[in-house]
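K.L.:
Chains F and Z are the protein sequences, given in the same order. For the first sequence, this note's numbering gives the first residue as 338, with consecutive numbering after it. For the second sequence, this note's numbering gives the first residue as 2, with consecutive numbering after it. Note that CB positions come from ideal geometry on N, CA and C, so glycine has one too. Right, I'll just put the structure down here and ask away after.
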Amino acid sequence: MTTIRLKGGRVYDPANGVDGEVRDIGIRDGRIVALHAQDKVDAEYDLTGCVVMAGGIDLHTHIGGGKVNLARMMLPEDHRLNRPRDSLLELASNGCCTPGTLETGYRYAQMGYTAAFEPAMLASNARQAHMEMGDTPILDHGAYVMLGNEELFLEMLARGEDPQRIRDYVGWAIGASKAMGVKVVNPGGISAFKFNQRKLDVDEDHVHWQVTPRQVVHSLARALSELGVPHPLHIHASNLGVAGNIESTLATIDALEGLPGHLTHIQFHSYGREGPKKFSSAARQLVERVNAAPNVSIDVGQIIFGQTVTASGDTMRQFANAELGNPRKYVGGDIECDAGCGVVPFRYREQSYVNALQWAIGLEIFLLMDDPWRVVLTTDHPNGGPFTSYPHLIKLLMDKRFRDEQLARLHPDVAAMADLREIRRELSLYEIAIMTRAAPARLLGLTDRGQLGIGAAADIAVYREEADREAMFATPEYVFKDGLLVARKGRIEAVPVGGTHFVEADYDPAIEKTVEAWADRHASISYRHMKIGTDELCSCSNGGALLACKVHGRGRPL
Amino acid sequence: MSAAGVQPRDWTCPFCSLLCDGLALAPGPVLQLRGGDCARARAGLAAFDHPAAAVSCVDGVPRGLDAALDAAAARLGVAHLPLFGGLATDVQGMRALYRLANVRGAILDHAHGEAMMPALRMLQDRGQMFTTLAEIRNRADLIVCIGTDARSSHPEFFRRCAPAAGREAGGRVVFLGAGGGTPGAAEIPWASTVDALCAEGDIFDTVATLAALVDSRRLAAVPAALAELADAMRAARYCVLVWEPARLAQHGALVGEALLRLLMNLNRKTRAGAFTLGGNDGAQTANAAMSWLSGLPLRSRVGQQGVDHDPLQYATARLLDERAVDLLLWVASFTPDLPPPPAALPRIVLGHPALAAGCAQPGTVFIPVATPGINADGHLLRADSVVSLPLHGVRDDGLATVAEVAQALVARLASGAAAKEGAR
Ligand code: SF4
Ligand SMILES: [Zn+2]
Ligand SMILES: [Zn+2]
Ligand SMILES: [Zn+2]
Chain F
338 MTTIRLKGGR VYDPANGVDG EVRDIGIRDG RIVALHAQDK VDAEYDLTGC VVMAGGIDLH
398 THIGGGKVNL ARMMLPEDHR LNRPRDSLLE LASNGCCTPG TLETGYRYAQ MGYTAAFEPA
458 MLASNARQAH MEMGDTPILD HGAYVMLGNE ELFLEMLARG EDPQRIRDYV GWAIGASKAM
518 GVKVVNPGGI SAFKFNQRKL DVDEDHVHWQ VTPRQVVHSL ARALSELGVP HPLHIHASNL
578 GVAGNIESTL ATIDALEGLP GHLTHIQFHS YGREGPKKFS SAARQLVERV NAAPNVSIDV
638 GQIIFGQTVT ASGDTMRQFA NAELGNPRKY VGGDIECDAG CGVVPFRYRE QSYVNALQWA
698 IGLEIFLLMD DPWRVVLTTD HPNGGPFTSY PHLIKLLMDK RFRDEQLARL HPDVAAMADL
758 REIRRELSLY EIAIMTRAAP ARLLGLTDRG QLGIGAAADI AVYREEADRE AMFATPEYVF
818 KDGLLVARKG RIEAVPVGGT HFVEADYDPA IEKTVEAWAD RHASISYRHM KIGTDELCSC
878 SNGGALLACK VHGRGRPL
Chain Z
2 MSAAGVQPRD WTCPFCSLLC DGLALAPGPV LQLRGGDCAR ARAGLAAFDH PAAAVSCVDG
62 VPRGLDAALD AAAARLGVAH LPLFGGLATD VQGMRALYRL ANVRGAILDH AHGEAMMPAL
122 RMLQDRGQMF TTLAEIRNRA DLIVCIGTDA RSSHPEFFRR CAPAAGREAG GRVVFLGAGG
182 GTPGAAEIPW ASTVDALCAE GDIFDTVATL AALVDSRRLA AVPAALAELA DAMRAARYCV
242 LVWEPARLAQ HGALVGEALL RLLMNLNRKT RAGAFTLGGN DGAQTANAAM SWLSGLPLRS
302 RVGQQGVDHD PLQYATARLL DERAVDLLLW VASFTPDLPP PPAALPRIVL GHPALAAGCA
362 QPGTVFIPVA TPGINADGHL LRADSVVSLP LHGVRDDGLA TVAEVAQALV ARLASGAAAK
422 EGAR
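Put into structure tokens, the structure is as follows:
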């Protein structure tokens, strides 16, 4: 039994309404407990001059699975540099925009993050995604299974299957892949591309199945709501990156008809068609709509200038952008009547009008949203930039002067015209704590994470207060994972295996007959192997804790 | 390791990278395949008939497992730069070997490293456009096998490509530059037609000409059959190009790049993808696991300095020839067909029990290991590097897994290091 006291830190714990109060935090056996002044402790840390937050939670970061691994193999140039190790606990691993799983775990932990979620797990690649996440040390993890492009689902939708059966199928798919939620990517569009369709608007028919993205989004959102899955449908909307796509983004919000939905990397979906270059910010239009739609949450997918790689299931859009590759390489794949993958290396340039505007749009969205609980800080790692740029991004949001300096370096038309110039808002530490831990925890249904209340898991990041927010958030003083000190001033102190979060939903098992019949006709593996059992998950995820979240229809997690 | 409770139709075959599943294996001293009749699978299984008690061996002398592990750890402990070769193992094996490689540093390469390099170089230089078995079953109306008959290395390939139930007609299959003896219509019963074109001739020239034709470039004196094929590829709704880098020797990377150019072109107007045959003996798995753990693929050196990838320098044959390494740790857990290369340096072999006889010389430590899918569970990645499947042991032969052996070596090296540090 280990008892630790964190003494005298300034605590930011928005889930419990704590906004910068100086108070002590007690830890016993990995949980936060109330300690009296006279209680004996094994260790006491003096946190005078420090800021205390729950461990960071990244709810959208491509850390595991086939396309990420293809990106690693494809970009040896991203791996030439080896960061000097200062801890013998670290095994060799490197990379910046496509780091190895080991490096991913070390670097997130060094930055004060204790959980990360892979947003685009293919059902047909789920084992590998869990293996890679299991080899990502320290962090707890989970994944959203990609639905809405697999032929079985589209076939069910096309034949007008009863929504109850769709719900059961979605429940089955979550259970079979051991997912934490569901992501839909270019609804119907990945499949449509396999039938040689090159564009799919929200109300346009899939050329083969004659169903629309609107139907796909609505039926998945409804299924999740009825199953009681905490995380709303995670939506990568139609027309990613296309000028004028704000229309399809707003239409996608309409398609929810009030059901919960999380629009991800929304920056890439908030473009107008105004101005001489026919490419403009639609941040205000978007935010106005999201502010008025309490069922909708977003994460931003901020772009960061420099080299990165875009890895997405959205083959339709990735193939269209293959020529923009820098360096000029392209990986694309059609996968198992299930989904697809497209990988395009990319360099965001300050002097590019489009890139500069994308940068400004992302920041505008962060700063215009009035409810921080519905906007999560992401770069869509690595698509907008590597996760290691989060401290830089936090500084941009907290420091107007720094932001203006950066803006002045950009393409002159953007520097002179962007709405961003007029936005004076500087986010507070309390708001940053919401966007990086409390809100993602709430959106994922993680009741005992992302907060520092009594009984919560002791995932804690301690930052030394500094005016330079980038330096402050880059290297926390202490990071605890389940009460274990895992990093200290950037040095890795312990390397526990992280746990796997996944949802267990109730559904009518009769649906298995439908899936089995489909598999017998169309699949390339036996139906039995389409399911990952709990024991198998344990071996895939490297023996980490299995953090099952049981839900019972429409209800809350038990 | 566990070996009980395999369902009748639940067996996954580990003997090539297609990982056929839904098969049955009747357990017992002689393992019998049911629900399939693949010669390669039967040969693989025959190597497990009537297992005798497998023993470890140090310098030709039979020893208990602990003594063999001690000897192996001692030799690893004094090596300056070992090569971890073979790497015919599963995900758990690679995870543990990676940890072991990190203890004192090592270079990692697979037994099929040379064959994998063309596809890897193509990926690193230009990328790839791939498709997978279920897409082929459900979509392909034209399959072009380039420079390979596919079935020699992957006997069940055409059965696995058979059109999904309910599709009106099977597609056309063409063998291009694949030599003689390619399968005919009788052997691919579902195909609408089966042709063999340009059986002889330089494969790179053939592919380059085809690529130019698909690109609608006018060429003088083109074989009519090739021109017709290019038209057919452009007219197909979903064309699949099958290639096998291992058969192309030094041409591999060039052919691969020509194929990718061709595919990018085709995909401007219609849809197409490649299927790469390769990755047998766990090569796909070892490369993928290495890449996710370290960030770089095989033919990399790991250690305190980090990871260094050099596909030319860190090749098994070259490292051994140039004596650039001073110990070989060889892993071959699937078949006796991957013996360690003869070498004048110390060798540690984690191998199929039938490799014992060839590993009885001085300087060699032999430790028999279990085989995923036979006498151990495990996971492997399929040729397309997308699907991974669980393998189920059907028998317990009392053998340690590669992962268990590697973990035991890590523990011994760690405690050895601790003892040394304590003495200081
Ligand atoms: S084709 Fe390969 S995987 Fe399939 S049964 Fe034969 S050897 Fe096994
Ligand atoms: Zn996305
Ligand atoms: Zn993403
Ligand atoms: Zn099974």
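Does the pairing of the stretch 346 to 363 of chain F with the stretch 764 to 776 of chain F give three or more beta-carbon distances under 8 Å?
P.N.:
These segments touch.
K.L.:
Quick one: grab the DSSP three-state call for F:L537.
P.N.:
Three-state result, F:L537: coil.
K.L.:
Since Z:A55 meets chain F, which of its residues come closer than 9 Å, beta carbon to beta carbon?
P.N.:
Result: empty, since nearest Cβ-Cβ is about 24 Å, beyond 9 Å.
K.L.:
Can you look up F:I330 in the DSSP assignment and give me helix, strand or coil?
P.N.:
No information on residue 330 of chain F is available, as it lies outside the stretch 338 to 895 that chain F covers here.
K.L.:
Do Z:D282 and Z:A344 come within 9 Å of each other at the CB atom, strictly closer than that value?
P.N.:
Cβ distance not < 9 Å, so Z:A344 and Z:D282 don't count as in contact.
K.L.:
Taking only three categories from DSSP, how would you classify F:H478?
P.N.:
Looking at F:H478 - three-state DSSP - the assignment turns out to be strand.
K.L.:
Going by the CB atoms, is the gap between F:L561 and F:V627 shorter than 9 Å?
P.N.:
For F:V627 and F:L561, no; Cβs fall outside 9 Å.
K.L.:
With distances taken from CA atoms, which of Z:T336, Z:V59, Z:R348 is nearest Z:L356?
P.N.:
Looking at the Cα atoms, Z:T336 is the closest of the given residues.
K.L.:
Examine ligand 3 and report whether any of its heavy atoms sits within less than 8 Å of the Cβ of F:S649.
P.N.:
Yes, Cβ of F:S649 sits closer than 8 Å to a heavy atom of ligand 3.
K.L.:
I'd like to know whether the C-beta atoms of Z:F176 and Z:L278 end up nearer to each other than 9 Å.
P.N.:
Cβ distance not < 9 Å, so Z:F176 and Z:L278 don't count as in contact.
K.L.:
When you measure from the CB of F:G403 to every non-hydrogen atom of ligand 3, does any distance come out below 8 Å?
P.N.:
It does not: the Cβ of F:G403 is nowhere closer than 8 Å to a heavy atom of ligand 3.
K.L.:
So that I know if they touch, is there some Cβ in chain F lying closer than 9 Å to that of Z:F131?
P.N.:
Chain F contact via Cβ: present.
K.L.:
On a Cα-Cα basis, can you pick out the residue from Z:L143, Z:G180, Z:S154 that is closest to Z:A163?
P.N.:
Ranking Z:L143, Z:G180, Z:S154 by Cα distance to Z:A163 puts Z:L143 first.
K.L.:
Counting only C-beta atoms, is F:N462 closer than 9 Å to chain Z at any point?
P.N.:
Judged by the 9 Å Cβ criterion, F:N462 is in contact with chain Z.
K.L.:
Relative to the alpha-carbon of F:F739, which residue among F:V624, F:A753, F:E763, F:S726 has its alpha-carbon at the smallest distance?
P.N.:
Per the Cα distances, F:E763.
K.L.:
What number of angstroms, rounded off, separates the C-alpha of F:D741 from the C-alpha of F:V633?
P.N.:
Rounded to the nearest angstrom, the two C-alpha atoms are 30 Å apart.
K.L.:
State the beta-bridge partners of Z:W331 as determined by DSSP.
P.N.:
Z:G86, Z:V350.
K.L.:
Kindly indicate which three-state DSSP category Z:F131 falls into: helix, strand or coil?
P.N.:
In this structure, Z:F131 counts as strand in the three-state DSSP scheme.
K.L.:
What does F:I829 reach in chain Z if we use C-beta pairs closer than 7 Å?
P.N.:
Chain Z residues near F:I829: none, gap ~14 Å exceeds 7 Å.
K.L.:
Report the option in F:I341, F:D477, F:N462, F:H889 whose CA atom is closest to the CA atom of F:V370.
P.N.:
With distances taken between Cα atoms, F:V370 lies closest to F:I341.
K.L.:
Can you determine whether any heavy atom of ligand 2 sits closer than 8 Å to the C-beta of F:L396, and answer yes or no?
P.N.:
No, since every heavy atom of ligand 2 falls outside the 8 Å radius drawn around the Cβ of F:L396.
K.L.:
By the criterion of Cβ-Cβ separation under 7 Å, what are the contact partners of F:K614 in chain Z?
P.N.:
Those do not exist, as F:K614 stays about 26 Å from chain Z at its closest Cβ, beyond 7 Å.
K.L.:
What's the gap between the Cα of F:G880 and the Cα of F:H866?
P.N.:
F:G880 and F:H866: Cα-Cα distance of roughly 20 Å.
K.L.:
Run the CB neighbour count on Z:R302, radius 10 Å, all protein chains shown included, and call it buried at 16 or more, exposed below.
P.N.:
Its Cβ being crowded by 16 or more others within 10 Å, Z:R302 is buried.
K.L.:
Tell me the rounded alpha-carbon separation between Z:E201 and Z:E323.
P.N.:
Their backbone Cα atoms lie some 36 Å apart in a straight line.
K.L.:
Give me, in chain order, the residues of the same chain whose beta-carbon lies closer than 7 Å to that of F:H545; leave out the 5 immediate sequence neighbours on both sides.
P.N.:
So the list reads F532, once near-sequence residues are dropped.
K.L.:
Given that Z:A212 touches chain F, what residues does it touch there, using C-beta distances under 7 Å?
P.N.:
The premise fails here: Z:A212 is roughly 16 Å from chain F at the closest Cβ pair, so nothing lies under 7 Å.
K.L.:
Among residues of its own chain, excluding the 5 on either side of F:D736, which ones have a beta-carbon nearer than 7 Å to its beta-carbon?
P.N.:
Excluding positions up to five away in sequence, the list reads E763, R806.
K.L.:
Output needed in chain order: residues of the stretch 632 to 651 of chain F with a Cβ under 8 Å from some Cβ in chain Z.
P.N.:
If the cut-off is 8 Å between Cβ atoms, the stretch 632 to 651 of chain F has nothing near chain Z.
K.L.:
Z:G23 CB to nearest chain F CB: under 9 Å?
P.N.:
For Z:G23, the answer is yes, since a Cβ of chain F falls inside 9 Å of its Cβ.
K.L.:
When you measure from the CB of F:G449 to every non-hydrogen atom of ligand 1, does any distance come out below 8 Å?
P.N.:
Incorrect: F:G449 has no Cβ contact closer than 8 Å to ligand 1.
K.L.:
How is the beta strand (DSSP E) around Z:L264 delimited, first residue to last?
P.N.:
Premise fails: Z:L264 lies in the alpha helix (DSSP H), 253 to 270, not in any beta strand (DSSP E).
K.L.:
Output, in sequence order along the chain, the residues in the stretch 488 to 511 of chain F whose CB is closer than 9 Å to any CB in chain Z.
P.N.:
Within the stretch 488 to 511 of chain F, the qualifying residues are E488.
K.L.:
Alpha carbons only, please: which of Z:N139, Z:D203, Z:V243, Z:A151 is nearest the one belonging to F:S528?
P.N.:
The candidate whose alpha carbon is nearest that of F:S528 is Z:N139.
K.L.:
Less than 9 Å between the C-beta atoms of Z:A211 and Z:L255, yes or no?
P.N.:
Checking the sequence shown, residue 211 of chain Z turns out to be Leu, not Ala. It is not a contact, given that the beta carbons lie outside the stated cut-off.
K.L.:
Indicate whether Z:A233 and Z:R173 have their beta-carbon atoms separated by less than 9 Å.
P.N.:
Result yes, Cβ atoms of Z:A233 and Z:R173 sit closer than 9 Å.
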